[in-house]
């Protein structure tokens with residue numbers, strides 16, 4: 001963000017609260033006063049609606065030169081180490097802005113959908129593979145939605161023992177409660193829980209086929225050391241693949257998918273609107289039973 005002439009002013013309209021925000025609130029570990037990296041708003045100069053890619057890469061480091069922008073050695077992230085969307089007004093590099101035809105609330109899901117797209121780009125999953133998803137939040141549901149479009153019907157394990165899908169738009173094979181013993185083995189297991197716990201990783205290792213793949217979307221806290229039974233990994237030649245956010249192309253692909261599918265995604269994700277009063281309030285409301293995505297309305 002050194003080139004001031006490339007910055008544009010954004011009036012933030014809506015901010016989505018995601019799992020990493022909740023984790024920062026829970027641990028009281030915020031590097032900024034204002035969180036919020038899932039952002040739609042208005043370019044105050046052009047009076048056009050925008051979505052904001054929160055990841056600002058340097059363009060000069062080893063990883064940027066390889067177009068692995070999400071791994072930038074000097075990355076700045078809005079809502080992480082730069083003030084986030086809850087501030088209300090932001091200055092954002094032009095390259096990090098995606099112009100929208102309207103302010104449809106589905107565009108608040110661009111960021112998590114781009115993460116899912118990026119994760120899928122890292123693997124070679126096919127409709128013949130058996131797939132397990134560990135989790136129940138927005139990312140998990142967007143992943144199911146995307147897999148269904150590839151004719152893949154995954155199984156699911158979470159703390160509910162069911163999927164919150166009131167409109168029946170998601171196709172699931174089997175749903176397990178996380179206390180159940182799972183006998184099946186899967187070629188691909190997606191860990192989408194994170195936090196300071198190890199149960200989801202243990203489940204992933206136990207449920208993954210020999211030579212299978214564990215893809216970790218879940219955000220674990222920095223400095224957290226998980227006591228994992230590792231022998232099964234090398235005995236069964238299981239691979240663990242991390243997923244670090246997304247690259248700009250993924251963000252643009254996410255917009256094309258949302259545009260091409262009309263408002264279909266809004267039948268999948270349960271949204272609740274709120275106003276920003278305190279971080280504790282946001283944490284409480286985001287954890288309500290029927291809420292997948294809490295959206296803060298700033299206008």
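Numbering (full-length UniProt numbering), first residue to last: 1 to 299. Note that beta-carbon positions come from the ideal geometry of N, C-alpha and C, so glycine has one too.
Item: Any 3 or more C-beta pairs closer than 8 Å across the stretch 28-38 and the stretch 68-75; Value: no
Item: CA nearest to the CA of residue 96, picked from 41, 244, 184 and 200; Value: 41
Item: The stretch 163-171 / the stretch 183-196 touching (three or more Cβ pairs under 8 Å); Value: no
Item: From 157, 208, 248 and 199, residue whose alpha carbon lies closest to that of residue 225; Value: 199
Item: Beta-carbon proximity check, residue 116 vs residue 156, cutoff 8 Å; Value: no
Item: Local conformation of residue 57 per DSSP, three classes; Value: coil
Item: Candidates 102, 173 and 68, of which the one nearest residue 48 by Cα; Value: 102
Item: Contact set for residue 196: own chain, Cβ-Cβ below 6 Å, skip 5 residues either direction; Value: 221 and 224
Item: For residue 80, three-class secondary structure by DSSP; Value: coil
Item: Cβ neighbour criterion (16 or more within 10 Å) applied to residue 54; Value: buried
Item: Beta strand (DSSP E) runs wholly inside the UniProt domain "Alcohol dehydrogenase-like N-terminal" (7-99), at least 3 long, in chain order; Value: 7-17, 38-43, 48-52, 89-93 and 97-99
Item: heavy atom of the ligand GTP below 7 Å from residue 268 C-beta; Value: Here there are no bound small molecules, and the ligand GTP is not part of this structure.
Item: Residue 19 versus residue 77: straight-line alpha-carbon distance, rounded; Value: 15 Å
Item: As assigned by DSSP and simplified to three states, the class of residue 261; Value: coil
Item: Cβ neighbour criterion (16 or more within 10 Å) applied to residue 227; Value: exposed
Item: Local conformation of residue 155 per DSSP, three classes; Value: strand
Item: Among 79, 84, 261 and 125, nearest to residue 150 - alpha-carbon criterion; Value: 125
Item: Backbone secondary structure at residue 118 - three-state DSSP; Value: helix
Item: DSSP three-state assignment for residue 294, whether helix, strand or coil; Value: strand
Item: Cα-Cα separation, residue 279 to residue 194; Value: 20 Å
Item: Sub-8 Å separation of residue 82 and residue 38 beta-carbons; Value: no
Item: Span of the alpha helix (DSSP H), counted from its first residue to its last, around residue 171; Value: That residue, residue 171, is in no alpha helix (DSSP H); it is neither H nor E in DSSP.
Item: Residue 35 versus residue 15 - alpha carbon distance; Value: 9 Å
Item: Alpha carbon of residue 44 to alpha carbon of residue 58, nearest angstrom; Value: 25 Å
Item: Check whether residue 181 and residue 91 have beta carbons under 8 Å apart; Value: no
Item: Inter-residue Cα distance where the pair is residue 3 and residue 251; Value: A caution first: residue 3 carries a pLDDT of 42, below 50, which makes its placement in the model unreliable, though a value can still be read off. So the two alpha carbons sit approximately 23 Å from each other.
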